[in-house]
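Colleague:
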Amino acid sequence: MAVSALEIKTCSPFARGTAFGDVGPYQQLEGTVHFAVDPDHPRNTGITDLRLAPRDARGLVRCSAGFRMLQPVALRQGNQRLLLDIVNRGNPTVLTNFNSAVGRTEPGNGFLMRQGYTVVWCGWQDDVPTTPGLIRINVPEAVDAGGQPISGKIAVTFQPDTHVQVQLLSDRLHRPHPANDLNDRDATLTVQDHEDAPPQTIPRQQWSFARLEGDRVVPDATHVYFASGFLPGKVYRVIYTTVGAPVIGLGLLAARDVISFLRYGAASEGNPCAGHIQYAYSFGRSQSGRFLRHFLYLGLNEDEQERIVFDGLMPLVAGGGRGEFNQRFGQPSNSNKYSVKNLFPFHDMTQTDAETGRTDGLLARLAARGKRPKVFFINTAAEYWGGHAALTHTDLDGKRDLDPAEEVRIYHLAGTQHGPGNLLLTDTGAADDSRAQQRPNSVDYRPLLRAALVNLDRWVTLGQNPPPSLHPRLDDGTAVPPAHTAATFQAMLGVQFPAHLRTIARLDFGSGADEGVTTLLPPRAGKPYANLVSAVDEDGNELAGIRLPDVSVPLATYTGWNLRHPDIGGPGQTLSLLGSTIPFPATRAERQGSDDPRPSIAERYVSKEDYLGRVKQAAEALVQQGYLLAEDLPTVIEQASQRYDLFRGRVSV
Numbered sequence: 171m172a173v174s175a176l177e178i179k180t181c182s183p184f185a186r187g188t189a190f191g192d193v194g195p196y197q198q199l200e201g202t203v204h205f206a207v208d209p210d211h212p213r214n215t216g217i218t219d220l221r222l223a224p225r226d227a228r229g230l231v232r233c234s235a236g237f238r239m240l241q242p243v244a245l246r247q248g249n250q251r252l253l254l255d256i257v258n259r260g261n262p263t264v265l266t267n268f269n270s271a272v273g274r275t276e277p278g279n280g281f282l283m284r285q286g287y288t289v290v291w292c293g294w295q296d297d298v299p300t301t302p303g304l305i306r307i308n309v310p311e312a313v314d315a316g317g318q319p320i321s322g323k324i325a326v327t328f329q330p331d332t333h334v335q336v337q338l339l340s341d342r343l344h345r346p347h348p349a350n351d352l353n354d355r356d357a358t359l360t361v362q363d364h365e366d367a368p369p370q371t372i373p374r375q376q377w378s379f380a381r382l383e384g385d386r387v388v389p390d391a392t393h394v395y396f397a398s399g400f401l402p403g404k405v406y407r408v409i410y411t412t413v414g415a416p417v418i419g420l421g422l423l424a425a426r427d428v429i430s431f432l433r434y435g436a437a438s439e440g441n442p443c444a445g446h447i448q449y450a451y452s453f454g455r456s457q458s459g460r461f462l463r464h465f466l467y468l469g470l471n472e473d474e475q476e477r478i479v480f481d482g483l484m485p486l487v488a489g490g491g492r493g494e495f496n497q498r499f500g501q502p503s504n505s506n507k508y509s510v511k512n513l514f515p516f517h518d519m520t521q522t523d524a525e526t527g528r529t530d531g532l533l534a535r536l537a538a539r540g541k542r543p544k545v546f547f548i549n550t551a552a553e554y555w556g557g558h559a560a561l562t563h564t565d566l567d568g569k570r571d572l573d574p575a576e577e578v579r580i581y582h583l584a585g586t587q588h589g590p591g592n593l594l595l596t597d598t599g600a601a602d603d604s605r606a607q608q609r610p611n612s613v614d615y616r617p618l619l620r621a622a623l624v625n626l627d628r629w630v631t632l633g634q635n636p637p638p639s640l641h642p643r644l645d646d647g648t649a650v651p652p653a654h655t656a657a658t659f660q661a662m663l664g665v666q667f668p669a670h671l672r673t674i675a676r677l678d679f680g681s682g683a684d685e686g687v688t689t690l691l692p693p694r695a696g697k698p699y700a701n702l703v704s705a706v707d708e709d710g711n712e713l714a715g716i717r718l719p720d721v722s723v724p725l726a727t728y729t730g731w732n733l734r735h736p737d738i739g740g741p742g743q744t745l746s747l748l749g750s751t752i753p754f755p756a757t758r759a760e761r762q763g764s765d766d767p768r769p770s771i772a773e774r775y776v777s778k779e780d781y782l783g784r785v786k787q788a789a790e791a792l793v794q795q796g797y798l799l800a801e802d803l804p805t806v807i808e809q810a811s812q813r814y815d816l817f818r819g820r821v822s823v
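Sequential numbering of the sequence shown, starting at 171, is according to the numbering used here.
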């Protein structure tokens, strides 16, 4: 077993000892999990540079990761289910997403605890900042035959929101890959008006690897300095030679092996869950959802003893992407369009790209061994407008719908943005603090996630089929190119339609890309893939997918896209994570005064009671269909009541 030791350093009451229904109180365990991985084992050979990592006397590669777990104090009262939350840039996400908690470590409504889940977090990302509370992994660096650090090319892309002179060579303050030579004459810096615009090279003498200390320019291998300043909204890319190649793919094995240990390990081996775990699931949101897609693609859902690790997985808002999770000089936090995260395949079943001749499928390796787990792929409108979510269920040219495997469901949460919405309608998005032209999307889709987890568990444990996949389709006309929706939005006063619609294209990173070594930077871009989104009704609300009452009984237009505010540059460009809330006029007079084509709230609903009655009816229909839990009916109705008071009670929001 790859876990050599689980070192528990603290054990404390969770939520101050609160009892959660019949399950009772929970405790929180924190510590470090130590791994000893056999680089020659058949289940491990797909990990990039693993065989180049230093080995111990037994020929094993060692690493360690932060560990955290919530479990019932009385284990026998739990539900014998384990849920691994793939941390997002070191942050836990499962309590905010399933328990609707405000803080990442708070109990929220207690949903997972009342269900009886044992919840686990384990570090997997090596470049996470050393900030207290973040969960990370420590991995060794690969070395060449002479025992020396490995060097090679890397590309770092960034788009500032303000005018700055210095940029850290990483995404979101993660630990950067340093430049090997501060005076590297082959290093390049380019600038683009947007991500698909022609790049312009900035002369090498105008920039340097440096940072500022007051007014003094200080050479620094982890920063880039540009005297005239990086302009807000522009897209910059630095390509340079770095040195030091952490074996970041060990993070994938850490997720596999910590759950294998907790599921199958004995108490004598230090397993705090011994004998109390019958089923295991994993959840990942955004970057972490792409991590799970990569985990599945590499066929890692078997441990070194060929035992199943996860019975079910739920990648949320990952779209069709994977990531730099198993790449030499990889940047796991990178979400740039021209990254290996957008490489074929996208669909779970095997298909052939006629353009490149390549045949592959996301679950092809697991299917070949007859070990596909149950999977829910769940996306919002933001991932469709990001140019890649539709590829999970259509062919590459957008001509034909594709059916998923029997073990897969694909759900689109209609009219939602990347993260769950709320009624704090400022023009700053909580996701990345970037300013937008419209208010962020306020639809809270978390009740749908709770139902999805219950459905996944019933599918695994009882063989009870979950509700059918629900997403935009070509055969019923609900999957359309984004431009087909333009006229609806352009008719709304003060609403601009994106000038640059997002797509992804076939990318060639060189001959070593399949082994996790990119040799061609920037990549050679080929023919774009098809980009499809949900068709919209006359209000601009999406027709396809699971439609919460916010969308089916609306008070506003909700989108999965939002444009950059002029204050942060990049006019006409979308913010990758934010959607929009565009409230209906409150009254007929307001509608006529603003020439808004959408009927006002007063013209749609006789009263608040009328509105809430329709909301209740729509929500009950979702319960009957299995997409919503009956226990969440009061939550959905209360949220609708708050929205009505806000949108109906004032002329503008």
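The beta-carbon is built from N, C-alpha and C at its ideal position, and this holds for glycine as well.
Could you check what DSSP says for F190 in three-state terms: helix, strand or coil?
Modeller: Numbered from 1 along the sequence shown, position 20 holds the residue referred to as residue 190. DSSP places F190 in strand when its eight states are reduced to three.
Colleague: So, G490 versus T562, is the Cβ gap smaller than 8 Å?
Modeller: Residue mapping note: residue 490 aligns to position 320 of the sequence shown, counting from 1. Residue mapping note: residue 562 aligns to position 392 of the sequence shown, counting from 1. Yes, the Cβ-Cβ distance between G490 and T562 is below 8 Å.
Colleague: For the pair the region 426-438 and the region 378-387, tell me if three or more CB-CB distances fall below 8 Å.
Modeller: no
Colleague: For D684, count the other beta carbons within 10 Å of its own beta carbon; 16 or more makes it buried, fewer makes it exposed. Which is it?
Modeller: Counted from its first residue, the sequence shown places residue 684 at position 514. Flag for D684 reads exposed.
Colleague: Should L230 and A206 be called a contact, given that it needs their Cβ atoms to be closer than 8 Å?
Modeller: Working through the sequence shown from its first residue, we reach residue 230 at position 60. Working through the sequence shown from its first residue, we reach residue 206 at position 36. In this structure, A206 lies closer than 8 Å to L230 by Cβ.
Colleague: Looking at the unbroken beta strand (DSSP E) that takes in Y728, where does it start and where does it end?
Modeller: As a position in the sequence shown, residue 728 is number 558, starting the count at 1. Here the beta strand (DSSP E) through Y728 covers A726 to T729.
Colleague: When the Cα atoms are used, what is the spatial distance from R238 to G493?
Modeller: Start at 1 with the first residue of the sequence shown, and residue 238 comes out as number 68. Start at 1 with the first residue of the sequence shown, and residue 493 comes out as number 323. Going by the C-alpha atoms only, they are around 24 Å apart.
Colleague: In the structure shown, what three-state DSSP assignment does D427 receive?
Modeller: What you label residue 427 is simply residue 257 of the sequence shown in a count that begins at 1. Three-state DSSP puts D427 in a helix.
Colleague: To which residues of the same chain is N279 closer than 6 Å at the C-beta, ignoring the five residues directly before and after it?
Modeller: Indexing the sequence shown from 1 puts residue 279 at position 109. Cβ neighbours of N279 beyond the five flanking positions: N269 and S270.
Colleague: Which term fits N635, buried or exposed, when burial requires 16 or more other beta carbons within 10 angstroms of its beta carbon?
Modeller: Here residue 635 corresponds to residue number 465 of the sequence shown, with the count starting at 1. Exposed, since its Cβ has fewer than 16 Cβ neighbours within 10 Å.
Colleague: Along the chain, which unbroken stretches of the beta strand (DSSP E) at least 3 residues long are found entirely within the region 397-442?
Modeller: 405-413
Colleague: Exposed or buried, what is K179 when buried is set at 16 or more other beta-carbons lying within 10 Å of its beta-carbon?
Modeller: Translated into the one-based positions of the sequence shown, residue 179 becomes position 9. So K179 counts as exposed.
Colleague: Of all the options F453, H464 and S452, which has the alpha carbon lying nearest to the alpha carbon of G419?
Modeller: If you number the sequence shown from 1, residue 419 lands on position 249. The shortest Cα separation from G419 among F453, H464 and S452 belongs to H464.
Colleague: Using CA coordinates, which residue listed in T215, P543, P693 and P369 is at the minimum distance from E474?
Modeller: Here residue 474 refers to the residue found at position 304 of the sequence shown. Nearest option by C-alpha distance: T215.
Colleague: Could you give the first and the last residue of the continuous beta strand (DSSP E) run that contains W555?
Modeller: In the sequence shown, residue 555 corresponds to position 385, counting from 1. It is not in any beta strand (DSSP E) - W555 instead sits in the alpha helix (DSSP H) that spans A551 to W555.
Colleague: Give the DSSP-derived three-state secondary structure of D720 in the structure shown.
Modeller: The residue labelled residue 720 in the question sits at position 550 within the sequence shown. Helix, per DSSP.
Colleague: DSSP three-state call for P698: helix, strand or coil?
Modeller: To locate residue 698, count along the sequence shown from 1; it is residue 528. Reduced to three states, the DSSP call for P698 is strand.
Colleague: Which class does A601 belong to by DSSP, given the choice of helix, strand or coil?
Modeller: Within the sequence shown, numbered from 1, the residue matching residue 601 stands at position 431. With a pLDDT of only 44 at A601, under the threshold of 50, the placement of this residue in the model should not be trusted; the figure read from the coordinates follows. Three-state DSSP puts A601 in coil, outside helix and strand.
Colleague: For K511, does the three-state DSSP call read helix, strand or coil?
Modeller: Translated into positions along the sequence shown, residue 511 becomes position 341. In this structure, K511 counts as helix in the three-state DSSP scheme.
Colleague: In terms of DSSP beta bridges, what is Y287 paired with?
Modeller: Within the sequence shown, the letter at position 117 stands for residue 287. Answer is none; Y287 lacks a bridge partner.
Colleague: Between V793 and S234, what straight-line distance do the alpha-carbon atoms span, to the nearest angstrom?
Modeller: Mapped onto the sequence shown, residue 793 falls at position 623. Mapped onto the sequence shown, residue 234 falls at position 64. Each residue's Cα considered, the two are about 44 Å apart.
Colleague: If contact is defined by three or more beta carbon pairs under 8 Å, each pair taking one atom from either stretch, is the region 737-755 in contact with the region 547-563?
Modeller: Yes, since at least three Cβ pairs between the region 547-563 and the region 737-755 fall closer than 8 Å, the two stretches touch.
Colleague: For the alpha helix (DSSP H) containing Q809, list its first residue and its last residue.
Modeller: The residue you call residue 809 lines up with position 639 of the sequence shown. Unbroken alpha helix (DSSP H) run through Q809: L803 to R818.
Colleague: Using only CA atoms, which one of L252, A172 and T655 lies nearest to H211?
Modeller: Here the question's residue 211 lines up with position 41 in the sequence shown. Selected option, being the one with the closest Cα: A172.
Colleague: What residue range is occupied by the uninterrupted beta strand (DSSP E) comprising Y449?
Modeller: Numbered from 1 along the sequence shown, position 279 holds the residue referred to as residue 449. Membership of Y449 in the beta strand (DSSP E) is indicated by the continuous run Y449 to R455.
Colleague: Assuming V326 and G399 are in contact, meaning their beta carbons sit under 8 Å apart, how far apart are those beta carbons, in whole angstroms?
Modeller: Along the sequence shown, one-based indexing puts residue 326 at 156. Along the sequence shown, one-based indexing puts residue 399 at 229. Incorrect: roughly 18 Å between the Cβ atoms, too far for contact.
Colleague: Is DSSP giving I256 helix, strand or coil here?
Modeller: Here residue 256 refers to the residue found at position 86 of the sequence shown. I256: coil per DSSP, three-state reduction.
Colleague: With distances taken Cα to Cα, identify the nearest neighbour of E365 among Y467, P373, Y410 and Q329.
Modeller: Residue 365 sits at position 195 when you count from the first residue of the sequence shown. Of the candidates Y467, P373, Y410 and Q329, the one whose C-alpha sits nearest the C-alpha of E365 is Q329.
Colleague: Looking at the secondary structure, which residues open and close the beta strand (DSSP E) in which E177 lies?
Modeller: Taking the first residue of the sequence shown as 1, we reach residue 177 at position 7. V173 to P183 is the extent of the beta strand (DSSP E) around E177.
Colleague: Using only the alpha-carbon positions, how far apart do F396 and R374 sit?
Modeller: Sequence index remark: in the sequence shown, residue 396 carries index 226 (1-based). Sequence index remark: in the sequence shown, residue 374 carries index 204 (1-based). Cα to Cα, the separation comes out at about 10 Å.
Colleague: Figure out for me which residue from C181, G293 and G248 has the closest Cα to the Cα of H204.
Modeller: Locating residue 204 in the sequence shown gives position 34, where the first residue counts as 1. The shortest Cα separation from H204 among C181, G293 and G248 belongs to G293.
Colleague: Roughly how many angstroms separate the alpha carbons of G531 and Y467, rounded to a whole number?
Modeller: The residue you call residue 531 lines up with position 361 of the sequence shown. The residue you call residue 467 lines up with position 297 of the sequence shown. The alpha-carbon of G531 is positioned some 8 Å away from that of Y467.
Colleague: Can you round the beta-carbon distance between G248 and P242 to whole angstroms, since I take them to be within the 8 Å contact cut?
Modeller: Counting from one through the sequence shown, the residue named residue 248 turns up at place 78. Counting from one through the sequence shown, the residue named residue 242 turns up at place 72. So it is a contact: roughly 4 Å between Cβ atoms.
Colleague: Quick check on S681: buried or exposed, where buried means 16 or more other Cβ atoms within 10 Å of its Cβ?
Modeller: For this step, residue 681 is matched to residue 511 along the sequence shown. It is exposed - the Cβ of S681 has fewer than 16 other Cβ atoms within 10 Å.
Colleague: Secondary structure at Q794, three-state DSSP: helix, strand or coil?
Modeller: Stepping through the sequence shown from its first residue, residue 794 is reached at position 624. DSSP places Q794 in helix when its eight states are reduced to three.
Colleague: Quick one: is K544 buried, meaning 16 or more other Cβ sit within 10 Å of its Cβ, or exposed?
Modeller: If you number the sequence shown from 1, residue 544 lands on position 374. Burial call: buried.
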